[in-house]
Structures are given as structure tokens and as C-alpha cells.
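In my numbering, the protein residues as written are 1 to 437.
Everything on this sheet refers to the single structure shown next.
Here it is as C-alpha cells:
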């Protein structure tokens with residue numbers, strides 16, 4: 001499917017892609033965020049350049065790279081710098097093949113797995129860079145994008161796909177420049193230049209059920225669907241993105257100054273979340289930036305907090321596993337929802353619960369999971385609203401108990417004593433007593 005389509009449309013390989021401007025225009029049509037350009041400077045140094053939307057100098061700056069050694073750009077776009085938390089727009093999925101320059105073998109491997117052929121390919125000097133162009137995708141879609149990356153890399157691992165080159169902050173070689181290791185010019189071939197919607201590419205790569213099983217019938221991808229597709233629903237990436245977003249919201253509540261005594265835990269959890277999205281080489285820079293902006297910790301403390309997550313991310317990138325409960329699992333940290341909440345609950349006020357998705361107590365999460373679609377029921381007649389949640393986050397039927405818990409706490413009783421006295425959990429006792437200083 002893939003190989004024959006590419007050959008039929010544009011001859012043996014397709015249209016030639018020679019220059020930096022053509023490469024840039026393919027990736028960043030209707031640019032929305034900054035693209036980062038890395039170039040090798042005089043005397044062996046390096047220089048970073050931010051290419052911002054609508055900058056009239058971009059074509060000239062890119063032309064200046066033609067024939068130069070070792071220039072790279074980000075396929076994706078950012079709000080200022082290439083950090084996960086500053087991701088603005090996803091523009092392509094990509095695979096870096098080390099040591100493989102056989103385009104026929106790549107197309108045949110994709111076709112055998114019923115995967116779409118790339119929009120274009122670059123010969124990187126020592127391998128191939130494969131690109132699947134995307135219509136502009138917001139940062140919130142990062143978990144789905146990451147699953148597609150994983151699947152494409154897994155499909156081509158036998159041809160040298162670099163499993164470490166899957167993060168959204170990746171830099172890849174710029175067409176029209178040279179690889180200084182062998183003086184080879186970076187050129188490419190455009191197959192159809194097709195620009196996918198993320199939904200379409202997810203269906204083609206992950207399947208409708210999200211497990212790689214693709215339906216036999218022809219589908220109209222624009223047809224209205226009754227429910228969400230599992231291929232583009234949650235995953236381990238989705239969960240950790242929500243955790244990361246909650247951590248930032250908690251910091252925003254404290255005006256980007258995490259209270260003393262909780263800074264190391266907050267920063268550690270940021271590292272745990274980022275380890276699922278960021279290459280190990282980028283985690284230290286991400287955490288250093290977060291530490292400066294949100295904690296006030298000195299650089300050595302930040303580095304110490306980062307180390308465990310960095311080590312596990314390195315192991316994960318190398319394909320290592322650890323044994324847990326008799327099974328081999330990914331070495332990166334995983335936390336239960338309640339554990340995340342317990343770690344940070346002293347700095348999470350009740351009034352920001354509506355803004356949090358992942359760092360909430362289990363009791364609240366269970367309430368949120370209850371069915372929402374009760375349109376055929378007369379909920380008022382059922383008396384549902386007589387026992388609804390109040391703005392304080394407690395059911396009407398429990399208001400008296402909550403008030404009693406606050407009185408008991410004011411009298412100096414422990415959370416355990418309150419829980420036993422009212423027949424509630426220790427965590428509920430702590431939550432209900434929280435407003436009492």
C-alpha cells in the first residue's frame with residue numbers, strides 16, 4: 001500500500017527536497033509558535049536562533065544555512081523555548097533511522113504493517129528522517145501524539161529506529177545543510193506531502209480500538225461518531241500530562257512560589273511527569289527552568305531532586321526494565337492518585353479542586369466518575385438535588401458531620417479521633433477539618 005502509492009504518485013521516490021526554506025515551509029505552514037534553529041558557530045561553538053511567526057527575516061536566515069555544517073530545527077513549535085511546558089503546536093510525527101538509507105526497505109516495512117507512508121523523507125547523512133506532516137495540533141494533544149510516535153518507532157525498530165528520538169522537543173537536521181561527520185549533504189524526497197489531522201493519523205497507526213487492530217471496512221474519517229474513539233483516548237501519557245498540568249495550576253495558585261517545605265516534592269513530581277515526555281538530555285534543563293520559576297531552590301538542590309527521575313528516564317530510553325510484582329515494567333516512576341494528593345495536600349486548597357484533574361483525593365475522583373448523562377431521568381423528582389454537592393465540596397447530607405468535624409478539630413482532637421467518632425475515613429476527616437486553622 002505505502003510503497004506502491006509513493007512510487008505511483010511521484011515516480012521512484014518523489015519530488016526532491018533540497019533547501020532549508022522548502023523543508024521549513026513543509027513543516028511550519030501557517031506558523032503559530034517559535035521554531036528553534038541550532039547552528040554550528042565559528043570556532044566550534046554553537047548558536048540557538050528563535051524563528052518567530054511572521055518574521056520577514058526567516059527566508060534569509062534559512063538561505064544562509066545552505067551548505068553549512070550541522071544545522072538543526074525543531075519540527076514542533078513553542079512559546080519561546082523548546083520545553084514541554086512551553087509546547088505550542090505539534091507539526092509532525094517523525095522517526096530517526098540510524099544507519100539505514102534503504103528507502104525501499106522502509107516503505108516495504110510500513111506497507112507490510114499497513115501503516116501510512118511518510119509525507120517526506122530526509123537522508124540525514126548516516127540514516128533517514130521520516131516525517132508524517134500534521135495539521136497544526138495544540139499542546140493538549142501531546143499524549144495521543146506520543147502514542148503515535150511510539151507505534152511508528154516500534155514498527156521500524158528492526159531498521160534502526162532510534163527509540164530515544166521520540167520527544168516533542170527534538171531537533172532534526174535541516175535540509176540543504178551538511179553532516180560534518182562525512183560531508184554528506186542533507187537532501188530529501190517528498191512523496192505526497194500529505195498533511196494529516198491527528199485523528200486520521202491515530203486511526204491509521206493505532207487503529208480504532210487503540211491497540212493497532214485496524215478495521216477491514218473503508219471508513220469516512222469525517223463521519224460523525226457516537227462516542228469517543230479509544231485510539232485517541234487516555235493512556236499513561238495522558239495521565240502524566242494531566243499530572244503535570246495540575247502541578248502548574250497548584251503553583252499558579254501560590255503565585256508561582258511553592259511554599260517552603262513542599263518544594264522538593266513538587267519538583268520531584270514535575271520530573272516524574274516530564275520523564276514520560278522528555279528525552280533524558282532535556283529533563284535537567286526542564287527541571288532547572290521549573291525550579292527557578294516556581295521554587296526558589298538553589299541549582300544544587302534542583303539537580304539533586306532531578307537525579308532519580310533522570311536516571312530512570314535514561315534506563316527507559318535504553319529499553320531497560322525493572323521487576324515489580326513479578327513482572328517487567330517501565331522503570332519510570334508511577335504514583336497512585338491518592339499518593340500524589342497526599343504528598344501535596346497541605347498546599348492544595350479546596351477552592352482549586354474544580355481546576356484539578358489528576359491530583360485529587362480518591363473520594364472526589366469516584367464522585368466524578370459517576371454517570372453524567374441522566375437526561376432521561378427526572379433527577380429533581382428522585383430527590384437527587386437534596387443530596388447534591390455544595391460549593392464547599394461536600395454533600396448536603398454531610399454538612400452536619402462536616403461542621404461537627406470542624407468543631408472537634410477546633411477542640412484539639414486528632415484526625416484519627418474525628419474519623420472514629422464520625423465513622424468516616426481518616427482522609428475525609430482531614431478534608432472536612434481543613435478550613436480550621
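Virtual Cβ for every residue (Gly too), placed ideally from N, Cα, C.
Put residue i into one of helix, strand or coil per three-state DSSP.
i	result
residue 52	coil
residue 403	helix
residue 123	strand
residue 89	strand
residue 333	coil
residue 160	coil
residue 83	coil
residue 179	strand
residue 17	strand
residue 142	helix
residue 184	strand
residue 77	strand
residue 29	coil
residue 328	strand
residue 379	Bear in mind that a pLDDT of 44 at residue 379, under 50, signals an unreliable position, so the number given afterwards is only what the model happens to contain. In the structure shown, residue 379 sits in coil (DSSP, three-state: anything other than H, G, I, E or B).
residue 96	strand
residue 418	helix
residue 194	coil
residue 189	strand
residue 322	strand
residue 173	strand
residue 47	strand
residue 423	coil
residue 22	helix
Return the first residue and the last residue of the alpha helix (DSSP H) that residue i is part of.
i	result
residue 111	103-112
residue 294	280-294
residue 205	198-206
residue 360	Per DSSP, residue 360 belongs to no alpha helix (DSSP H) and is neither H nor E.
residue 60	58-63
residue 276	Residue 276 -> no alpha helix (DSSP H), and no H or E assigned at all.
residue 310	299-317
residue 66	Segment: none, residue 66 is in no alpha helix (DSSP H) and carries neither H nor E.
residue 427	426-432
Suppose contacts are defined by Cβ-Cβ distances below 9 angstroms. Is residue i in contact with residue j by that definition?
i	j	result
residue 143	residue 241	yes
residue 161	residue 95	yes
residue 90	residue 198	yes
residue 184	residue 175	no
residue 427	residue 362	yes
residue 19	residue 66	yes
residue 134	residue 47	no
residue 79	residue 34	yes
residue 425	residue 409	no
residue 68	residue 32	no
Just how far apart, CA to CA, sit residue i and residue j?
i	j	result
residue 416	residue 244	31 angstroms
residue 191	residue 250	46 angstroms
residue 64	residue 167	28 angstroms
residue 260	residue 313	27 angstroms
residue 320	residue 329	9 angstroms
residue 283	residue 83	9 angstroms
residue 331	residue 54	43 angstroms
residue 431	residue 256	24 angstroms
residue 316	residue 344	26 angstroms
residue 70	residue 26	20 angstroms
residue 238	residue 151	16 angstroms
residue 236	residue 273	10 angstroms
residue 358	residue 364	11 angstroms
residue 97	residue 24	20 angstroms
residue 50	residue 189	26 angstroms
residue 333	residue 130	30 angstroms
residue 293	residue 74	24 angstroms
residue 303	residue 72	28 angstroms
Shortest alpha-carbon distance to residue i belongs to which of the options?
i	options	result
residue 132	140, 201, 111, 78	201
residue 207	186, 402, 114	114
residue 268	406, 335, 314	335
residue 341	403, 265, 129, 149	265
residue 93	173, 101, 76	76
residue 398	412, 422, 414	422
residue 86	364, 31, 303, 169	169
residue 247	402, 74, 355	355
residue 138	99, 171, 88, 126	88
residue 107	101, 117, 99, 98	117
residue 16	413, 119, 301	119
residue 429	412, 405, 304	405
residue 148	277, 418, 353	277
residue 111	204, 81, 126, 125	204
Along the beta strand (DSSP E) that carries residue i, what are the first and last residues, could you check?
i	result
residue 252	Not the beta strand (DSSP E): residue 252 falls in the alpha helix (DSSP H), residues 236-253.
residue 138	127-138
residue 71	71-73
residue 40	35-40
residue 169	Looking at the DSSP string, residue 169 is not in any beta strand (DSSP E), and its letter there is neither H nor E.
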